[in-house]
Amino acid sequence: MPWQYKIRYLLGQPVGVSFTNGQGTSGVLCGVSGGKLQVMEYLYQSQFALKQYDFRMINDINGFPSCHMQQPLY
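The sequence shown runs 1 to 74 under UniProt numbering.
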């Protein structure tokens with residue numbers, strides 16, 4: 001499925017975004033505006049940034065898988 005069709009199902013969800021240059025990012029998909037994808041990304045400590053990525057830069061978008069823990073970590 002082309003990534004453009006995934007947007008409506010992934011809004012408000014944590015996503016991984018792969019770019020055409022081979023790099024990627026992750027964050028919460030906040031919206032789409034003016035041909036740009038808006039992703040809230042964690043910077044450090046308690047700081048976040050809403051970043052925008054042009055559609056031409058995007059190769060794919062995928063939602064995060066759920067966590068299936070076998071045993072407690074403690």
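Ideal placement from N, C-alpha and C gives every residue a C-beta, glycine not left out. Bear in mind the structure is a predicted one, so any value in this text is a computation, not a measurement.
Assign Leu43 to one of two classes, buried (16 or more other C-beta atoms within 10 Å of its C-beta) or exposed (fewer than that).
exposed
Would you report the Cα separation of Asn62 and Gln45, rounded to the nearest angstrom?
25 Å
Since Val15 and Gly24 should fall inside the 8 Å C-beta cutoff, what is the C-beta to C-beta distance between them, to a whole number of angstroms?
That belief does not hold up - the Cβ atoms of Val15 and Gly24 are roughly 10 Å apart, past 8 Å.
Under DSSP, the beta strand (DSSP E) around Leu29 begins and ends at which residues?
Gly24 to Ser33
Give the secondary structure of Met40 by DSSP, where H, G and I count as helix, E and B as strand, and everything else as coil.
strand
Give the single residue among Gln47, Phe55, Phe48 and Gly22 whose Cα lies nearest to the Cα of residue 92.
The structure shown does not extend to residue 92, since the chain is modelled only from 1 to 74, so the question has no answer here.
Cross-strand partners of Lys51 (DSSP beta bridge)
Val39
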